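Q:
In my numbering, the protein residues as written are 1229 to 1511.
#1: Report the three-state DSSP secondary structure of residue 1408 (helix, strand or coil).
#2: Taking DSSP as the reference, what is the three-state secondary structure of residue 1254?
#3: Nearest-angstrom Cα distance between residue 1465 and residue 1324?
#4: If we require 4 or more residues per run, which alpha helix (DSSP H) segments fall completely within the region 1271 to 1313?
#5: Whose C-beta lies closer than 6 Å to the C-beta of residue 1411 among residues of the same chain, with five residues either side of it excluded?
#6: In whole angstroms, what is the alpha-carbon distance linking residue 1509 and residue 1298?
#7: Compute the Euclidean distance between the alpha carbons of residue 1280 and residue 1483, then round it to the nearest angstrom.
#8: Determine contact between the region 1272 to 1290 and the region 1300 to 1317, defined as no fewer than three beta-carbon pairs at a distance below 8 Å.
#9: Could you check the C-alpha separation between residue 1492 and residue 1477 for me, to the nearest Å?
#10: Between residue 1345 and residue 1387, what straight-line distance do the alpha-carbon atoms span, to the nearest angstrom?
#11: What do you get for residue 1322, buried or exposed, if any count of 16 or more other CB atoms within 10 angstroms of its CB means buried?
#12: Look at residue 1505 and residue 1450 and say whether their C-beta atoms are less than 8 Å apart.
#13: Do you know whose CA, among 1381, 1359 and 1347, lies nearest residue 1370's CA?
#14: Would you mind sorting residue 1352 into buried or exposed? The rule is 16 or more other CB atoms within 10 Å of its CB.
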């Protein structure tokens, strides 16, 4: 077992929640989405073979373990933990989970410096156009965590370890190595924060989980040109169902029309009018 895994010195519980916290949705028989405070984790597979996509908020390991036991049986264990990216709300319980389950972690090679204790993410931007959560964002951890030898690079051929029939797609913008996962046979998409279904910078919309297909969270997105390309790439896949990092899963016409509108109007509705990571030349 890895002895030297650790979180950054700014790791802490974040007192943010929503009416969806603690609730789960079986999107498909082998796709289960559960909300931890303001972020989603996804269980992919069945009792014989499943993985966990993303690892929730800080101090949520007990809840995540309880969820897996409830869904797949006592002492159930995923084959791996697969990360869309390494921001604090997607790796918040990962060290405790890795220690409990003794499983490998996979992420894109460009995320590895943030997961091996080598590099901090850019600081969240409280000056960005947006609501109260954007203003609160300096509270959010951005220092690297160190998973040591437990974290591995996703295969270069696009396959996803322990997730048969899924391909990973590089969808940068929100973070350099952000990835999404797509299964062509039923057009299921796990989008992470490439796009989301709640306006994440607004405290009231996060709390009420008002459904709205949006660009990535503004206060942590550092490259809006890449973010736009990533959303365009995902929309071209014509997904039939999407589970995002924040907000409720979406399907059918709500998804197709909402995603098409987001791509068409990305510069106006997703890109903030101001903020330290906004390239004014994008408009």
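Just so it is clear, CB atoms sit at the ideal spot from N, CA and C, and this is done for glycine as well.
Here the structure is a predicted model, which is why all the values come from computation and not from measurement.
A: Once the coordinates are examined:
#1: Sequence index remark: in the chain shown, residue 1408 carries index 180 (1-based). The answer is strand: DSSP assigns residue 1408 an E or B state.
#2: Here residue 1254 refers to the residue found at position 26 of the chain shown. In the structure shown, residue 1254 sits in a strand (DSSP, three-state: E or B).
#3: The residue you call residue 1465 lines up with position 237 of the chain shown. The residue you call residue 1324 lines up with position 96 of the chain shown. Rounded to whole angstroms, residue 1465 to residue 1324 spans 35 Å at the Cα level.
#4: 1289 to 1300
#5: Position 183 of the chain shown, counted from the first residue, corresponds to residue 1411. 1393 and 1394.
#6: Here residue 1509 refers to the residue found at position 281 of the chain shown. Here residue 1298 refers to the residue found at position 70 of the chain shown. The pLDDT assigned to residue 1509 is 44, lower than 50, so where the model puts this residue is not dependable, and the model offers no usable value.
#7: Along the chain shown, read from residue 1 onward, the residue named residue 1280 stands at position 52. Along the chain shown, read from residue 1 onward, the residue named residue 1483 stands at position 255. Those two C-alpha atoms are separated by around 24 Å.
#8: yes
#9: Position 264 of the chain shown holds residue 1492. Position 249 of the chain shown holds residue 1477. Going by the C-alpha atoms only, they are around 21 Å apart.
#10: The residue you call residue 1345 lines up with position 117 of the chain shown. The residue you call residue 1387 lines up with position 159 of the chain shown. Near 26 Å, if we compare the C-alpha coordinates of residue 1387 and residue 1345.
#11: On the chain shown, position 94 is the one that residue 1322 refers to. Flag for residue 1322 reads buried.
#12: Within the chain shown, numbered from 1, the residue matching residue 1505 stands at position 277. Within the chain shown, numbered from 1, the residue matching residue 1450 stands at position 222. Taking 8 Å as the Cβ cut-off, residue 1505 and residue 1450 qualify as a contacting pair.
#13: On the chain shown, position 142 is the one that residue 1370 refers to. It is 1347 whose Cα lies nearest to the Cα of residue 1370.
#14: For the purposes of this step, residue 1352 is identified with residue 124 of the chain shown, where counting begins at 1. The residue in question, residue 1352, is buried, as its Cβ has 16 or more Cβ neighbours within 10 Å.
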